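Heads up: the structure comes next, in structure tokens.
Residue numbers (this note's numbering), protein chains in the order written: chain A, 603 to 1002; chain B, 603 to 1002; chain C, 603 to 1002; chain D, 603 to 1002.
Spelled out as structure tokens, the structure:
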């Protein structure tokens, strides 16, 4: 088989940036306008109003010109003081990175070791908090959906544990790869600071980052001693109610966000979540049929936006990804840090549908063949069985 | 299974208009310019130069603001006189429509009846021409790739038959759904008038139509008595060498065409033809695996741009298409005239690749399930086997 | 002064194609869809409904994939028979071209000679019609706004003359450069066939052409003997009520037209007409201030979409245009046929505003300077005085 | 005069964001890609290579997903330690804002008071530095082009003064509204840290920010004690040589930047600077003709990207701007902080040309009329005289 010249659409199936709807790209592709004028202020106010529905909050939301990492930093510098202690659970690569951000600002992070095969073990968090009689922990930091492993954590369970103990720490949650795809209920779960960015479930290019902020977090900011300017909430919040920013915002990206939010709200949150679940299940059915392993080992914590798949020992996930990119023009996510070359990750989030998923899984299945990776044929078929069950389905492992 | 809100990309798998590359749409999306200025003239000259490579001609090409039907008409009115006789073979719906155009201009068409299950039967054409001792037939009209049935005809064989007989009729060929996808050799095959349009293998929106014209056809035009103005070749040819038109051309579509031609030439004609063959074969493998019938019954004439599939009697192809559109957001082609509701057509041409094909066939397979149409599972798998054969392939029907 | 590298936006001030709004270009820049599907049918029906408001008709409208020349041809071939006589008045280059189209189809055109300095002289038309006792004239053809001279004709006056005489000829009107810019009342003026195209007041790229058709014209078509296929109204009208076409329509251009119509209707016809009048007046004020001559010598017939300006004898209008294009990146219209090199034409139609006009006139004024063409400074200032009169205006020639 | 419905293009003549070329918007409007793939890495490397030519440096450049304010902060936190002293001169609103950023990080800023009517008074900087025998000042911070006043400062003179004294402080320069428009020679002027952003001379939407960094600044970073994560140069520099980033970059904006850089380099830096000078001069000629005052009172320091104009006492600049926006659809910059309502600012930078400038000044002149602000007619004419001098020019004030 010779090299194939690439034609047709690239399949971008990394777990973010996700595919951007044409409507959104076209909205971005509009002349820039005066960011201090009334028209733009109206767009900003509308956008901040609509995004609250996605975050399921009636509280404060700030929007940065930044990647999601900036919103991690913003969460830290707006609420904490040098030397403060916080509690985290190791869920994977992104929890590690967030920890690193905190430590760079002199925060002491108690980082409970994890296997990367499951989400936050709430019992361990609860145990540590219950030992913390004098409330040294100023915050609990958790990643809702760990993009490196395809594992979600039960944020509400963490909140309930904190409430049971009456622990006053702030609850900060990275919802970067869950928001707009997997149910996230900011107000109901009493999250104090949420971190999100534009390029995942929000179906946007990277470049915008968000914090949703509770009253308690805002209050904490009044005494927090870490220096801050760009990330400072106070100035952002003071201006954003009128549709303005302390500095020139990413005007064109905000055009796009408005369009993306409209699309999400037209679909409806419950439909969005059901769709992602449907695609997560079908993907996992394919993986099972191939006889490959999932990184996530806890069925109740399977991610519906990304599936991390183990290749058999002695085989290279990166070589597989290179073959798939070269032969089928599909980008898959790499294994990160300790999972490097052992894992490939399939993004199935955002602007996506059944046939795109079928094409994606076909690319993986053909890639497995071409790479000589031991597997059983039939993953795509299993996915079709999951998406459109036969009237008399063949016996198969039923999920959950 | 409840209604699914459509997200992700629509699968446009009708046999044209075909999917348009983003690069082409973006080229169209450019401010209009003076069509009498030097910059535009340069674009026109470049475009007419490059399209000759696709048509495989060094001869004259004219470009109309029109759909392909206009180029059918142009072929007639530029070469024939009222009452002239021409010879055609019935290959399907589009040969019928072209016949109708000719008859509207007072041309007497000898229309050899065909089954719609194969292409032009060259022997029958040859027999009719051999009887035509006094060369009453002024032209032979043939459809290269009959879009309604998924059948190609052997144009070069027709030409050879004409040459064997020394018959002076013009050879006019509809290459609408073959040009840029299936090998078409204008000069080598000595075609006198080719008809094409922008929205198939040229990966463009509809709106541009083309004639490629031999010296002999131009000469015929000098005595042809049908009235013509918009379609008149003389004025077009006189101006187009300098990059101008007798009337305001479709400037923005020409921007797009230039980009599309660049993409095609970057891929290379032989790669393009091989790719379409690869996708045609995989599609037919899927149809066979499902146990459904192909309209085209002559393997040497299978179309590599469109596959027309018969649904079992007692079932509705249109209901199947409606289900697939509703559930999986994919458009397929309908059966036309006498094939209405009996056939659905899968377009696999233009800006397309393996994973798009896999998604397409998955949509058909799931649609068959949901519609209760009797079939055997495994069409998608058969297509994957065709696209990326297993090292030890399962025994299967080998095509050709 | 050395050559300037072009930056910023090109000023496209030819009298069409006119500048296209970004909204319209962006609407065109959307994936193509199934032209036989329900979604596209809805777009077509909406578009045909809305364009009737611009044409001010409740009657039939057909839309071609073609340039405006095609709609000229359509008007002829759908209503007339070979040898029919029609009456026209020579208003300029475009009336000549339309005459030529008619003659190519065997129509005998009585072409009343005109000076190119004014519009249709209705008295002359009336005189000819009154001599035509046995109603040999099957149609009167008139150009509403003669783009080559910047002159409008009084279509309603022609109709009234025809009605006074009870002459049954059809009234056919070229509204190519007036529709959507200068008041055109199809039904009230009892026009039988209107010809228009997309690239002028409709703010679209070229590629779509239109006929608005009276019941009487449709009836005439039933006995008209000219051959027709592509341009045939019957088939178009039969299908278009359901949003379909006899052949693949220019889908992406229709996306754009829908958007353009929305913009026009949002502005409102009376506002549009007033805006064009305002810009026509200001342009003429500039021309007068420069001391140059207008081609149109009848103030009641000044065009509000295009102004044709005479350069003093011994000077080259084309050299002036080349200087302006080279130095100021502005395209102006050339003088056509007998006005070649004697005239330049300023388009001030479509997607346009006061500051674009000021920039346009500044380019002309600076071009006059650089070209050494005798003139008086102050044209731009005179235009500003027209657009935003000073509280105590300087004495100036008042128009009309 | 009644309200005018807005049509045609908006005139965005604020001093940034500036008008974005269609080519750049169209480049942004492209599907997002894998930011960890080879194709994107190539784009990043090319972009960082080309931007160095604009900055006139062969040294290190980092690119942030952020507004320019982020790059101010980055300059501070990467080089300084809490309690460090720096020296600044008050040139206007933006020097104040940068000072504020520094102070938020515990930097002690000696802020030499200025009139806002001229740039940095190098003698005062030199005097302070010469008093600083023990080199308490770790950095001198200067704004190259003060956007609030339309005044440039002589950065090279500051550098020479520092060198004369052998003062080791870092020289940090805000080139936000000069880079790509007004000559800025990073290496020759021995600037240690440059701050820039995308939405001014780089002709891009806001959302990207830049630091150009000397070896000395990088070395200073090794001992600088301010906390940093998002803005940290080390990680950025380590990855960017290979085309990667520590976090997901603004992929689509980087597509646009690549296109914008290509356009700038095609024009050529010397042509760009000459063009901006030409437009600055013409704008000031208009202001003088109107009899209005310039905020900048030092001719050698006139800005060529923005002109700040004083309205006569008793009149409101904001009311004027509102009139111009309402009647002529043009956005102008407001007076900031102490200049609020006293000043309006005309941006004449980036993707701009003579006719856009003429339209801009026509809008101001008509706005002055409609607002009843005392002025002399003829500003536009004076600008035309500046752009295209008459062969026998009328006597006029010659600039410089």
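Ideal Cβ placement from N, Cα and C applies to all residues, glycine included.
Since the model is a prediction, treat every value here as computed from it, not as a measurement.
Could you pull out every residue in the same chain whose Cβ sits closer than 6 Å to the Cβ of residue i, ignoring the five residues on either side in sequence?
| i | result |
| --- | --- |
| residue 792 of chain C | 761 |
| residue 996 of chain C | Confidence in residue 996 of chain C is poor, its pLDDT being 45 and thus under 50, which makes the residue's placement unreliable; the coordinate value appears in the next sentence. Result list for residue 996 of chain C: empty, nothing under 6 Å. |
| residue 1003 of chain A | The requested residue 1003 of chain A does not occur in the structure, where chain A is confined to residues 603 to 1002. |
| residue 715 of chain A | 692 |
| residue 701 of chain D | 690, 711 and 713 |
| residue 953 of chain D | 621, 623 and 805 |
| residue 642 of chain B | 635 |
Locate the alpha helix (DSSP H) running through residue i, then write down its first and last residues.
| i | result |
| --- | --- |
| residue 867 of chain C | 853-869 |
| residue 815 of chain C | First-last for residue 815 of chain C: 810-815, but that is the beta strand (DSSP E), not the alpha helix (DSSP H). |
| residue 836 of chain C | 835-842 |
| residue 928 of chain A | 919-930 |
| residue 760 of chain D | 757-767 |
| residue 730 of chain A | 724-733 |
| residue 982 of chain D | 981-989 |
| residue 804 of chain C | No alpha helix (DSSP H) contains residue 804 of chain C, which DSSP labels as neither H nor E. |
| residue 1003 of chain D | This structure cannot settle anything about residue 1003 of chain D, because the visible part of chain D is limited to 603 through 1002. |
By alpha-carbon positions, which one of the options ends up nearest to residue i?
| i | options | result |
| --- | --- | --- |
| residue 571 of chain A | A/822, A/784, A/813 and A/992 | The question about residue 571 of chain A has no answer here: the residues shown for chain A are numbered 603 through 1002. |
| residue 813 of chain D | D/800, D/763, D/614 and D/709 | D/800 |
| residue 919 of chain A | A/973, A/774, A/804 and A/798 | A/973 |
| residue 991 of chain C | D/979, D/991, D/891 and D/985 | D/979 |
| residue 895 of chain D | D/944, D/857 and D/864 | D/944 |
| residue 828 of chain A | A/679, A/654 and A/666 | A/679 |
| residue 749 of chain B | B/898, B/837 and B/914 | B/898 |
| residue 804 of chain B | B/758, B/720 and B/861 | B/861 |
| residue 879 of chain B | B/765, B/652 and B/949 | B/949 |
What residues match up with residue i in a beta bridge as DSSP calls it?
| i | result |
| --- | --- |
| residue 659 of chain C | Answer is none; residue 659 of chain C lacks a bridge partner. |
| residue 962 of chain C | In the DSSP output, where bridge partners are listed per residue, residue 962 of chain C has none listed. |
| residue 789 of chain D | In the DSSP output, where bridge partners are listed per residue, residue 789 of chain D has none listed. |
| residue 1003 of chain D | What is shown of chain D runs 603 to 1002, which leaves residue 1003 of chain D out entirely. |
| residue 710 of chain A | A/687 |
In chain order, what residues of the same chain have a beta carbon less than 7 Å from the beta carbon of residue i, not counting five sequence neighbours either side?
| i | result |
| --- | --- |
| residue 681 of chain C | 741, 772, 795, 819, 822, 823 and 826 |
| residue 841 of chain B | 847 and 848 |
| residue 839 of chain D | 662 and 664 |
| residue 738 of chain D | 687 |
| residue 683 of chain D | 826, 827 and 828 |
So, under 8 Å CB-CB, residue i and residue j are touching, yes? Tell me the CB distance rounded to an integer number of Å.
| i | j | result |
| --- | --- | --- |
| residue 932 of chain A | residue 957 of chain B | 6 Å |
| residue 807 of chain C | residue 854 of chain B | 4 Å |
Got a sec, what are the start and stop residues for the beta strand (DSSP E) residue i sits in?
| i | result |
| --- | --- |
| residue 678 of chain B | Counting along the chain, residue 678 of chain B falls outside any beta strand (DSSP E), though it belongs to the alpha helix (DSSP H) covering 670-679. |
| residue 954 of chain B | Here residue 954 of chain B belongs to no beta strand (DSSP E), and DSSP marks it neither H nor E. |
Going along the chain, which residues of its own chain have a beta-carbon closer than 8 Å to the beta-carbon of residue i, five neighbours each way excluded?
| i | result |
| --- | --- |
| residue 638 of chain D | 846 |
| residue 959 of chain B | 881, 884, 885, 950, 985 and 989 |
| residue 809 of chain D | 667, 668, 669, 800, 801, 852 and 855 |
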